[in-house]
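Here the structure comes first, spelled out in structure tokens, and everything after it is commentary.
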Amino acid sequence: MSDNQRHTVLRFALIFVIILLGFMAVIAQIIIIQTKEREQWLAIAKKQVMVNQPIPATRGNILDCNGRLLASSMPQYYVHMDARVEALHMNGGKLFYEHVDSIALGLSQVVGDRSADEYKELMTKAYRARSGKGKSIRLCKSRLTYTQMKQVKQLPLIRRGVYKSGVTFDDQHRRVKPFGSLASRTIGGIFGDNGSGNAGLEKQFNTELAGKDGMSTRQRVGGRWENITVIEAEDGLDVVTTIDTDLQDIVESNLQDKLLATDADWGCCILMETETGHIKAISNLDRYADGSYKERINHAVTRVEPGSTFKTIALTAALDDNKIRLYDSVEVTKAPWLYLGKSKHYDAHPKDTVYTVRSALAVSSNIALAKIITQGYEGSARKFVKRISKMGLTDSIYYEIPGAQQADIRVPNDTVTLSKMAYGYSVLLTPLQLLMFYNGIANDGKMIRPMLVTSLQKDGQVVKEFETEIIRSSMCKKSTLQDIQSCLHDVVWDNDLGTASVRKWAGRVVAYKAQSDLVHIAGKTGTAQLLINGRYSGHDHRMTFVGYFPEEKPQYTCICMIEHPRTANYDAGYDCGGVVRRIAEKTIAYSDCYIINKGQIELRKRK
Numbered sequence: 017m018s019d020n021q022r023h024t025v026l027r028f029a030l031i032f033v034i035i036l037l038g039f040m041a042v043i044a045q046i047i048i049i050q051t052k053e054r055e056q057w058l059a060i061a062k063k064q065v066m067v068n069q070p071i072p073a074t075r076g077n078i079l080d081c082n083g084r085l086l087a088s089s090m091p092q093y094y095v096h097m098d099a100r101v102e103a104l105h106m107n108g109g110k111l112f113y114e115h116v117d118s119i120a121l122g123l124s125q126v127v128g129d130r131s132a133d134e135y136k137e138l139m140t141k142a143y144r145a146r147s148g149k150g151k152s153i154r155l156c157k158s159r160l161t162y163t164q165m166k167q168v169k170q171l172p173l174i175r176r177g178v179y180k181s182g183v184t185f186d187d188q189h190r191r192v193k194p195f196g197s198l199a200s201r202t203i204g205g206i207f208g209d210n211g212s213g214n215a216g217l218e219k220q221f222n223t224e225l226a227g228k229d230g231m232s233t234r235q236r237v238g239g240r241w242e243n244i245t246v247i248e249a250e251d252g253l254d255v256v257t258t259i260d261t262d263l264q265d266i267v268e269s270n271l272q273d274k275l276l277a278t279d280a281d282w283g284c285c286i287l288m289e290t291e292t293g294h295i296k297a298i299s300n301l302d303r304y305a306d307g308s309y310k311e312r313i314n315h316a317v318t319r320v321e322p323g324s325t326f327k328t329i330a331l332t333a334a335l336d337d338n339k340i341r342l343y344d345s346v347e348v349t350k351a352p353w354l355y356l357g358k359s360k361h362y363d364a365h366p367k368d369t370v371y372t373v374r375s376a377l378a379v380s381s382n383i384a385l386a387k388i389i390t391q392g393y394e395g396s397a398r399k400f401v402k403r404i405s406k407m408g409l410t411d412s413i414y415y416e417i418p419g420a421q422q423a424d425i426r427v428p429n430d431t432v433t434l435s436k437m438a439y440g441y442s443v444l445l446t447p448l449q450l451l452m453f454y455n456g457i458a459n460d461g462k463m464i465r466p467m468l469v470t471s472l473q474k475d476g477q478v479v480k481e482f483e484t485e486i487i488r489s490s491m492c493k494k495s496t497l498q499d500i501q502s503c504l505h506d507v508v509w510d511n512d513l514g515t516a517s518v519r520k521w522a523g524r525v526v527a528y529k530a531q532s533d534l535v536h537i538a539g540k541t542g543t544a545q546l547l548i549n550g551r552y553s554g555h556d557h558r559m560t561f562v563g564y565f566p567e568e569k570p571q572y573t574c575i576c577m578i579e580h581p582r583t584a585n586y587d588a589g590y591d592c593g594g595v596v597r598r599i600a601e602k603t604i605a606y607s608d609c610y611i612i613n614k615g616q617i618e619l620r621k622r623k
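Each residue of the sequence shown is one higher than the one before, counting from 17 in this note's numbering.
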């Protein structure tokens, strides 16, 4: 073999050996990785896998009928400082020590939750922590508003960015109510800042308000972690309500003034547009231990025994069934009326007299109404309840307020219970249902569902619209309606009998109840004894007035209910009727030009 051939063989042998050794090294490394280093490499690989992260959707707003915010998710910001940033430790911490005083002073002036010295001490401790390497801290106790965040970003060093200052801003959306407690219980609330609705409209329209969260992936790109959006978040819809914040303020302030004057347990007041059923204002105020009144329970949709406001319902049924006529006579006495030897019925103003059916409702005689209903429906109580049902009161009606209760008007097992039903006991209705019935009287017999929401919007564009819903196109015969309207007129305008007319002393008018020379109101009072520990209290009552205005051409229906007033000489006509009167006067002044000229009404819409 020649020298050249020998060299060639040796070169190939050397190359083969090198390749073989390299192959063996690869095999050995694989074995090491699969055995000794397996867990280490799996952990590294896991860190490189894309991680899905939700992108929270912004919750929609709740607006009043004029587009003003009732509830909104406002951005607020947590401020953090990472004192481990390398730039802060270069050149012996020159950058940090040059600017720490100015940053501390600026934060103290803008945020105001700490003094400048406290801020400096906080940042210095964080900078020197862990043997001078620093640590991450939350810089401000409170959240910053958007305006504060922009001001803080302009402070020395911070304006150079996160890699120089270590300061970052973590944005959070907080649910706020710009008008404070106005209609607070009806608007509702949410769990935490980004949770679901827990009451009111926030709960009822939670799905629409919440929107749909998006999705991003967090992965390593070019040596840095980056969030890459996969699915865009779909922000929630805006809920446009029927509430008018100006009218809401009128209703709430007048109710609160009366509650403070009567030292009552709670009060509820609702103002509704007669033709549309739009609830323009709704207030529920409970007494707290310190004597103040705040929203706590939505009494508007909680059932109670209505008392004498139910007399209008009972009389409507009797008139419509031709059990009685408007000018038929009903005899009453000073002494209690004993029905079937079992049940005593009393009048608030007892006397020996004969009322017409019309005057009996004006003076709100329990005895007269009990006689009318028992004589008309004795042995046929089912027919009485059926007639009431035909008016729509016992229908299962949708309300936008979660937990709203339905009416409870059952066929009584005995005629004694029937006699008490005639003036509002052994039946249960919510204030909102009472308002709905009287609104039907004002609306020429057309009963409509009370509405709180008119539309859902996206970026100012209507996505879904809610129209007025008619429950009954005609609650009763036209003649019955006219009779009832005349009775409700007398309640307010008959100065001798009307329970919501005037107060007299020695034959002279000393105060007005629901009467007003600015706007004509018609309606009905109600006073019900409270059921306490299974027995009716003769001293503790629930007062109500429900009516509509202007009587000549009703635009609004209003109810005021006050529970357990503690002052002496409280009176449903004076207290609740007075609240409705003041609301009516201010509402008409706010919304319309209402003029009575020589007996003629002029009603013009505000421009």
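Think of the CB as a built atom: it goes at the ideal place given N, C-alpha and C, for glycine as much as any other residue.
Note that the coordinates shown come from a computational prediction; the quantities given were computed from them, not determined experimentally.
{"Check": "I believe G213 touches L225 by the beta-carbon criterion, under 8 Å. Please report the beta-carbon distance rounded to the nearest angstrom.", "Outcome": "7 Å"}
{"Check": "Figure out for me which residue from T446, L377, I48, S381 has the closest Cα to the Cα of D368.", "Outcome": "S381"}
{"Check": "Across the stretch 422 to 441 and the stretch 466 to 483, are there enough close Cβ pairs to call them in contact, namely three or more that are closer than 8 Å?", "Outcome": "no"}
{"Check": "Could you give the first and the last residue of the continuous alpha helix (DSSP H) run that contains N300?", "Outcome": "No alpha helix (DSSP H) contains N300, which is instead part of the beta strand (DSSP E) from 295 to 303."}
{"Check": "Taking one C-beta from the stretch 537 to 549 and one from the stretch 505 to 525 each time, how about it: are there three or more such pairs within less than 8 Å?", "Outcome": "yes"}
{"Check": "Roughly how many angstroms separate the alpha carbons of D80 and N314, rounded to a whole number?", "Outcome": "19 Å"}
{"Check": "Measuring CA to CA, which of T325, G357, S375 is closest to D344?", "Outcome": "S375"}
{"Check": "When burial is assigned at 16 or more other CB atoms within 10 Å of the CB, is G177 buried or exposed?", "Outcome": "exposed"}
{"Check": "If you draw a straight line from the C-alpha of V33 to the C-alpha of Q45, how long is it?", "Outcome": "18 Å"}
{"Check": "From D587 to S308, what does the alpha carbon distance come to, in whole angstroms?", "Outcome": "22 Å"}
{"Check": "Between G230 and R75, what straight-line distance do the alpha-carbon atoms span, to the nearest angstrom?", "Outcome": "13 Å"}
{"Check": "Assuming L253 contacts L173 under a Cβ cut-off of 8 Å, what Cβ separation, rounded to an integer in Å, is found between them?", "Outcome": "With 8 Å as the limit, L253 and L173 do not qualify as a contact, their Cβ atoms being about 42 Å apart."}
{"Check": "Between the alpha carbons of K149 and L138, how many angstroms are there, rounded?", "Outcome": "15 Å"}
{"Check": "What does DSSP give as the partner residues of A527 in its beta bridges?", "Outcome": "R519"}
{"Check": "What residues are listed by DSSP as bridge partners for M90?", "Outcome": "R190"}
{"Check": "For K402, does the three-state DSSP call read helix, strand or coil?", "Outcome": "helix"}
{"Check": "With distances taken between CB atoms, is the gap from K274 to D591 smaller than 8 Å?", "Outcome": "yes"}
{"Check": "Counting only the same chain and skipping the five closest in sequence on each side, list residues whose C-beta sits under 7 Å from that of L121.", "Outcome": "A132"}
{"Check": "For a minimum of 4 consecutive residues, which ranges assigned as the alpha helix (DSSP H) are wholly contained in the stretch 160 to 214?", "Outcome": "162 to 169, 178 to 181, 200 to 203"}
{"Check": "For the alpha helix (DSSP H) that L448 lies in, which residues bound it at each end?", "Outcome": "447 to 458"}
{"Check": "For P570, which residues from the same chain have a beta carbon less than 6 Å from its beta carbon, with the 5 sequence-adjacent residues on both sides left out?", "Outcome": "T290, A458, Y564"}
{"Check": "Tell me whether the beta-carbon of A516 lies closer than 8 Å to the beta-carbon of F453.", "Outcome": "no"}
{"Check": "Assuming G216 and I203 make a contact with CB atoms under 8 Å, what is their CB distance in whole Å?", "Outcome": "5 Å"}
{"Check": "Could you tell me the distance, in whole angstroms, from the CA atom of A605 to the CA atom of I388?", "Outcome": "41 Å"}
{"Check": "Give the straight-line distance between the Cα atoms of A423 and T446, rounded to the nearest whole angstrom.", "Outcome": "7 Å"}
{"Check": "Exposed or buried, which one is T496 when buried takes at least 16 other CB atoms within 10 Å?", "Outcome": "buried"}
{"Check": "Pick out whichever of V469, H294, K151 has its Cα sitting closest to the Cα of V256.", "Outcome": "V469"}
{"Check": "Buried or exposed: D512, going by 16 or more other Cβ atoms within 10 Å of its Cβ?", "Outcome": "exposed"}
{"Check": "On the three-state DSSP scale, how would you describe V116?", "Outcome": "helix"}
{"Check": "Note down the Cα distance separating L624 from L287, rounded to an integer number of angstroms.", "Outcome": "Summary: the structure shown does not reach residue 624, with the chain confined to residues 17 through 623, and so no result is reported for it."}
{"Check": "Of the residues R582, P70, H557, which one's Cα is nearest the Cα of I247?", "Outcome": "P70"}
{"Check": "List the whole-angstrom C-beta distance separating Y556 from L546, where the pair is believed to meet the contact cut-off of C-beta under 8 Å.", "Outcome": "The amino acid occupying residue 556 in the given sequence is Asp; Tyr does not appear at that position. Yes, they are in contact, since the Cβ atoms of D556 and L546 sit about 4 Å apart, within 8 Å."}
{"Check": "Rounded to a whole number of angstroms, what is the C-alpha to C-alpha distance between P352 and K462?", "Outcome": "38 Å"}
{"Check": "What does the alpha-carbon distance come out to for the pair P322 and A544?", "Outcome": "7 Å"}
{"Check": "Across which residues does DSSP place C284 in a beta bridge pair?", "Outcome": "N300, M577"}
{"Check": "I'd like the span of the beta strand (DSSP E) that includes L546, first residue to last.", "Outcome": "538 to 548"}
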